[in-house]
Amino acid sequence: MIAIDPGAADAVSAAAERLRLAMISPDATLDLLLSDALSYGHSDGKVEGKTDLVTHLLSGRYQFVTIDISDQSVALNDGVAVVRHTLEADTNDAGQPGHVKLKVLGIWQQEGEHWKMLARQAVRLPAP
Numbered sequence: 076m077i078a079i080d081p082g083a084a085d086a087v088s089a090a091a092e093r094l095r096l097a098m099i100s101p102d103a104t105l106d107l108l109l110s111d112a113l114s115y116g117h118s119d120g121k122v123e124g125k126t127d128l129v130t131h132l133l134s135g136r137y138q139f140v141t142i143d144i145s146d147q148s149v150a151l152n153d154g155v156a157v158v159r160h161t162l163e164a165d166t167n168d169a170g171q172p173g174h175v176k177l178k179v180l181g182i183w184q185q186e187g188e189h190w191k192m193l194a195r196q197a198v199r200l201p202a203p
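The following block contains the structure:
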């Protein structure tokens, strides 16, 4: 069993917040926050790796105008963090304005001194 730093949940939450900001204003920070082994599952079932996701964010194919996170929880076990939250966002993917509300499961893994997203799966919530 690997010892978990008592501040690890805070470190994971901080990394998740940095990723939220980097999704709105994509830059090199994405490389620091996403594992090379990333499996990123969209709410429509599409799954991408790190290279495709970063390319699509940097090119504007995926564009988040706003991202609001609520109901976040972080559970830690042996150097892995399970992060769950509700994500509500305004988007402008490929010039098409939109709005999404999702439940998201993220798996974060400590790689060296950094927490990186290893996997993510989103499920679209029904409109009220």
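In the numbering used here, the protein residues as written are 76 to 203. Every residue gets a Cβ at the ideal spot worked out from N, C-alpha and C, and that includes glycine.
Asked: What residue does the alpha helix (DSSP H) around Arg95 start on, and which one ends it?; Found: Ala83 to Ile99
Asked: So Leu151 packs on Ala83, CB below 8 Å; how close in whole Å?; Found: 6 Å
Asked: Since I believe Leu94 is in contact with His189 (beta carbons under 8 Å), could you give me their beta-carbon distance rounded to a whole number of angstroms?; Found: About 12 Å; that fails the 8 Å criterion.
Asked: What three-state label does DSSP hand Ser118 in the structure shown?; Found: coil
Asked: Which residue wins for smallest C-alpha separation from Gln171, given the options Arg159, Leu128, Val140 and Lys191?; Found: Val140
Asked: Using only alpha-carbon positions, find the residue among Ala202, Ser100 and Trp183 that is nearest to His174.; Found: Ala202
Asked: What are the residues that DSSP puts in a beta bridge with Lys191?; Found: Gln184
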